[in-house]
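Asker: Right, I'll just put the structure down here and ask away after.
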Amino acid sequence: MKNISILGSTGSIGTQTLDVVRNNKEKFNVVGLSANNNIDLLEQQIKEFKPEAVAVMNEKKALELKKRIGNSKTNVFHGIDGLVTIATLENADLIVTSVVGMIGLIPTIKAIQCKKNIALANKETLVTAGEIVMKEAKKNGISILPVDSEHSAIFQCMMGYTLKDIERIILTASGGPFRGFNKDQLKNVTATEALKHPKWNMGKKISIDSATLMNKGLEVIEAKWLFDLDINKIEVVIHPQSIIHSMLEYKDSSIIAQMGYPDMRIPIQFALTYPDRIINNYKKLDLLEISSLTFEKPDLNTFPCLKLAYEALRVGGSLPTVLNAANEELVELFIQGKIGFYDIPKTIEFILEKHDVEYKLDIDKIIDIDKWTRNFVKNILL
Ligand SMILES: NC(=O)c1ccc[n+]([C@@H]2O[C@H](COP(=O)([O-])OP(=O)(O)OC[C@H]3O[C@@H](n4cnc5c(N)ncnc54)[C@H](OP(=O)(O)O)[C@@H]3O)[C@@H](O)[C@H]2O)c1
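In the UniProt record's numbering, the protein residues as written are 1 to 382.
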């Protein structure tokens, strides 16, 4: 039995993680869950999985949930301290970090310091503080197992080899809902259109990031830290079928690809069972049904967010923190219909230029820079 805690259990990754658990009740026991506001779903999850503790970010909702579940054995916590409690429960073996945004940073660091293994979906944590998180992981001897399908693919393709054997990795991207659009067509697209991802059913923030290609940029940064790769060894290709989840080229020119239908439960399951592989009833890949796999160069001129992420990573220091915080704020404003599609890259570029890059970083400094960036966005746009 593996005891797992899920940060963000009411989201797309969180609910799919619980589906994997539901299919393997003899292997996993849920000890902790968390939500931001969605206490209706969290209440159902408490009834089904009977965790020892849950956290709700919103204090009022936490109190309401406490009333609703009455004298159930599940303890209810709230706020960031509540999230940390769920991330550090004494008997948790594995923490699934599936909250969205850099809010996952502190609970992830605290979990690592308590020597918990991490199944990481929350890419913003690695984007904003990758170097610090990976150093903490090494220091505490824990594993960070990738949940993101691309990084799970690379992780699987890399098995048995080390960095010195690798020529490059190729991250695949579906291209999102606006693949093939030109700048004129993109000017007036709405959040409703951007949220219609052709291949994956995901939370709102990552869906918008997929539409701008910022998601791939965040994944380039995530890959750099997860696999300790030089930026020049990380490439991106558009692969609209989303069958190859990513590839790895070895120095002997051999390329290994990991494939499957786009179903996040497959990489989630692997992160939960690693190093074992277990049977499931998910749809098996039928190559004849797919018949062709195609690849295109990303259009960095029409989708500048990917280019901005590469630039932020190349400069390094605090620039990825600024990129991430600005993007989080701007995506939210775009979802609210307050700004247009191109205001996202235009504003990020402006802030990256205004920011004086800092290289001596610790968590407090990162939190300060994150706040500075969010205020900057609000001041210039609202
Ligand atoms: N979805 C995918 O297929 C996918 C694939 C790869 C990687 N990822 C990554 O996984 C992470 C989660 O994505 P998702 O699509 O699952 O997002 P999502 O559906 O929006 O779910 C986010 C989860 O985090 C909680 N949450 C949101 N804001 C919070 C806050 N301020 N404090 C505490 N909890 C908060 C939400 O609670 P409420 O429900 O109460 O709002 C929900 O449980 C992201 O970093 C994303 O990039 C997702």
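No residue lacks a Cβ here, since even glycine has one placed at the ideal position from N, Cα and C.
Is it the case that the stretch 143-150 contacts the stretch 112-121, given that we only count it when at least three CB pairs across the two stretches are under 8 Å?
Answerer: Yes, since at least three Cβ pairs between the stretch 112-121 and the stretch 143-150 fall closer than 8 Å, the two stretches touch.
Asker: Closest Cβ-Cβ distance between proline 345 and chain D: below 8 Å?
Answerer: Annotation note: the requested chain D is absent from the structure, which comprises a single protein chain.
Asker: Indicate the three-state DSSP secondary structure (helix, strand or coil) for asparagine 38 in the structure shown.
Answerer: In the structure shown, asparagine 38 sits in coil (DSSP, three-state: anything other than H, G, I, E or B).
Asker: Between arginine 265 and glutamine 16, how many whole angstroms is the CB-CB distance? I'm expecting something under 8 Å.
Answerer: Confirmed, about 5 Å.
Asker: Examine ligand 1 and report whether any of its heavy atoms sits within less than 7 Å of the Cβ of threonine 10.
Answerer: Yes, the beta carbon of threonine 10 sits closer than 7 Å to at least one heavy atom of ligand 1.
Asker: Evaluate the contact criterion for the stretch 367-382 versus the stretch 341-357: three or more CB pairs, one atom per stretch, below 8 Å.
Answerer: With a cut-off of 8 Å, the stretch 341-357 and the stretch 367-382 count as touching, because enough Cβ pairs lie within range.
Asker: Below 7 Å, is the gap between the Cβ of glycine 101 and the nearest heavy atom of ligand 1?
Answerer: Yes, Cβ of glycine 101 sits closer than 7 Å to a heavy atom of ligand 1.
Asker: Per DSSP, what kind of secondary structure is histidine 197 in: helix, strand or coil?
Answerer: Coil.
Asker: Taking 8 Å as the cut-off, decide whether the C-beta atoms of serine 174 and proline 240 are in contact.
Answerer: Taking 8 Å as the Cβ cut-off, serine 174 and proline 240 qualify as a contacting pair.
Asker: Under 7 Å: does the beta carbon of residue 429 sit that close to some heavy atom of ligand 1?
Answerer: Examination of residue 429 is not possible in this model, given that the chain is present from 1 through 382 alone.
Asker: At a threshold of 7 Å, does serine 5 count as lining ligand 1 (C-beta to nearest heavy atom)?
Answerer: Flag unset: Cβ of serine 5 not near ligand 1.
Asker: Answer yes or no: do serine 9 and glutamine 45 have a C-beta to C-beta separation smaller than 8 Å?
Answerer: Against a cut-off of 8 Å, the Cβ pair of glutamine 45 and serine 9 comes out as a contact.
Asker: Examine ligand 1 and report whether any of its heavy atoms sits within less than 7 Å of the Cβ of valine 147.
Answerer: Yes, the Cβ of valine 147 comes within 7 Å of a heavy atom of ligand 1.
Asker: Expressed to the nearest angstrom, what Euclidean distance is found between the alpha-carbon atoms of methionine 158 and leucine 226?
Answerer: Taking the straight line from one Cα to the other gives about 12 Å.
Asker: Among the residues of its own chain, which have a CB less than 8 Å from the CB of alanine 314, if the five just before and after it don't count?
Answerer: In the sequence under discussion, the amino acid at residue 314 is arginine, which differs from the alanine named in the question. So the list reads Ile231, once near-sequence residues are dropped.
Asker: State yes or no: is the C-beta of glutamate 167 nearer than 7 Å to some heavy atom of ligand 1?
Answerer: Glutamate 167 Cβ: outside cutoff for every heavy atom of ligand 1.
Asker: What residues in its chain sit with their C-beta under 7 Å from that of asparagine 140, if we drop five residues either side in the sequence?
Answerer: Ile112, Gln113, Lys115, listed in sequence order.
Asker: State the DSSP-derived secondary structure class of phenylalanine 270, mapped to helix, strand or coil.
Answerer: Note: phenylalanine 270 maps to helix in three-state DSSP.
Asker: Leaving out five residues before and five after histidine 197 in sequence, what residues of the same chain have Cβ atoms less than 8 Å from its Cβ?
Answerer: If we look at histidine 197 and ignore the five residues flanking it on each side, its Cβ neighbours are Ser174, Gly176, Pro177, Ser207, Ser210, Ala211.
Asker: Counting beta carbon pairs with one atom in the stretch 24-42 and one in the stretch 91-102, are three or more of them shorter than 8 Å?
Answerer: Taking 8 Å as the limit for Cβ pairs, the verdict is that the stretch 24-42 does touch the stretch 91-102.
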